[in-house]
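Per the working numbering, the very first residue in the sequence shown carries number 162; after that it's consecutive. Beta carbons are placed, not taken as given, at the ideal position from N, Cα and C, and that holds for glycine. Step one of this worksheet: look at the structure below.
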Amino acid sequence: MNRPLPNPDEIAGLLPADPAVRRLLREAADENRPEADRRADWRLLGALAGRALVGPRLVILDVVGRCNLNCVYCRDHSPYIQGREAWRDEEMPFDLARRLIDETAALGAEQLTVVGAGENLCHTRFVDLVVALKAAPLRFEMATNGLGWTAEVVDLFADAADAQINFSLSAATAETWAAFRPEMAPELFAPIEASIAALARRPGGPRVGIIHVLNKRNVREVLPMIRRAIELGADEVQYKLTEINEAARPLRLDAPEIESIRLEIREARRLATLAGVAIHDNIEFQLDHVEPESGLYTRGLYDRWPCFAGLEMLRIRRDGAISFCCGLKFLGDARRQSLADYWYGPESAAARRAALDFPRGGNLLLPAGNRLRDEECDYCYNYILNDQYRRRALAAGVWNALLERA
């Protein structure tokens, strides 16, 4: 059972005496508005109050570490990375995953995303996991590389109307796909595309997304990627700049290549609009902020912005460790506590306050000995969430109040 939404009279005293903030409070309290919109307002008010007033919008389950591919740019499975820790190949026990799905719904989250270091299809209870996700009263997204999909897997998702399945390809051609994946034949690409098209054709099925990680090896395929996505019937394409890790350093884009992507994304958007296909707006943020010499796109961001991850999301790793964000910022253990106990508990509250205070030097020592703000924040995975939060705050007229928050 979801917690009831807050009582505005009890929260008013925690908020700045700002007209825009008071207007936002009235809108959050308006019972005639959709509950999802009201919850978004309450999360925004939570940043101003310095605490979680409602549950997260998003919960991420990282259920499996094994993968059936070895993409050269992958921070977990690239053949160029040595000395992988044993825990990286673990999977989340199904009973724990099923409980967390139920607790995610009870916490009032709007979306559960199943994504992680490995291929979800490799989970030993994959079918049971999908059945549990479809039965839950919330939207879910799942990532896959598409390898190993069969007609039976397509059928499994065919009635998942309130879901999105994202296929990670990073290529418009079989040759480019195979070049990223040593020991994989180009002939494996066509069946993956066939599965995408088959799923996209299913009436009442999930939305279908395609993810393209852009780097030096596929920089000339931006437009072929959107054209092929349109042909396959995809609903959304997400372009992403390659994360520059130990494995991906040779694939780093230079300044002319970044400018080429910037120009071709404009044409890709035009083609996508004509075809009714969405292009995720994360790529604009990356292109606006990337440093060509390092490949980083969030360095120094949290000198200027608070981090709102602690009001919007949480992530559970396959061993049950609960992270504040998508980084290795672990504060809890889902094997020993409920998600509600974690979300409203003292450890997450302290991290939430520290993250909101990042522009003023806020930080926190975590149980593992690392800090909440560290070098991971220079390649932050939650830039999309934080940029969306900032835009909501600007639209509501409360961004300055957030920055001035004591």
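query, result
"Candidates Cys283, Thr274, Gly277 and Pro364: which alpha carbon is nearest Asp316's?", "Pro364"
"Indicate the three-state DSSP secondary structure (helix, strand or coil) for Met162 in the structure shown.", "For Met162, the predicted structure reports a pLDDT of 49, less than 50, and the residue's modelled location is therefore unreliable. A value from the coordinates is still provided. Looking at Met162 - three-state DSSP - the assignment turns out to be coil, as it is neither helix nor strand."
"Could you check if Ser331 is buried or exposed, using at least 16 other CB atoms within 10 Å of its CB as the buried criterion?", "buried"
"Go ahead and pull the three-state DSSP assignment for Thr274.", "strand"
"Rounded to a whole number of angstroms, what is the C-alpha to C-alpha distance between Asp494 and Ala433?", "42 angstroms"
"Does the distance from the CB of Arg199 to the CB of Ala190 come in under 9 angstroms?", "yes"
"Taking 9 angstroms as the cut-off, decide whether the C-beta atoms of Val451 and Glu425 are in contact.", "no"
"Contact check, Ala569 vs Leu563 under 8 angstroms by CB: the rounded distance?", "No answer is possible for residue 569: it lies beyond the span of the chain, which begins at 162 and ends at 567."
"Spatial neighbours of Leu360 within its chain, please: CB distance less than 8 angstroms, with the 5 preceding and 5 following residues excluded, ordered by chain position.", "Val315, Phe318, Ala319, Ile326, Gly366, Pro367 and Val369"
"To the nearest angstrom, how far is it from the Cα of Leu194 to the Cα of Gly269?", "A quick correction: the sequence has Arg, not Leu, at residue 194. Rounded to whole angstroms, Arg194 to Gly269 spans 16 angstroms at the Cα level."
"For Ala351 versus Ala335, is the C-beta spacing smaller than 9 angstroms?", "yes"
"Cutting at 7 angstroms between CB atoms, please list the residues of its own chain near Asp250, excluding the five before and the five after it.", "Gly226 and Arg227"
"Cα-Cα, which of His441, Met386 and Thr403 is closest to Asp455?", "First, the residue type needs correcting, since residue 455 is Ser and not Asp in the sequence shown. For Ser455, the nearest C-alpha among the options comes from Thr403."
"Measuring alpha carbon to alpha carbon, tell me which of Val374, Ile545 and Met386 ends up nearest Thr459.", "Ile545"
"Nearest to Ala296 by alpha carbon, out of Asn281, Pro417 and Ala324?", "Ala324"
"Using a Cβ-Cβ cut-off of 6 angstroms (strictly less than) and excluding sequence neighbours within five positions of Ala266, which residues of its own chain qualify?", "Ala297, Pro298 and Leu299"
"What residue from Asn406, Gln498 and Leu526 has the CA that sits closest to Tyr540's CA?", "Asn406"
"Assign Thr305 to one of three DSSP states: helix, strand, or coil.", "strand"
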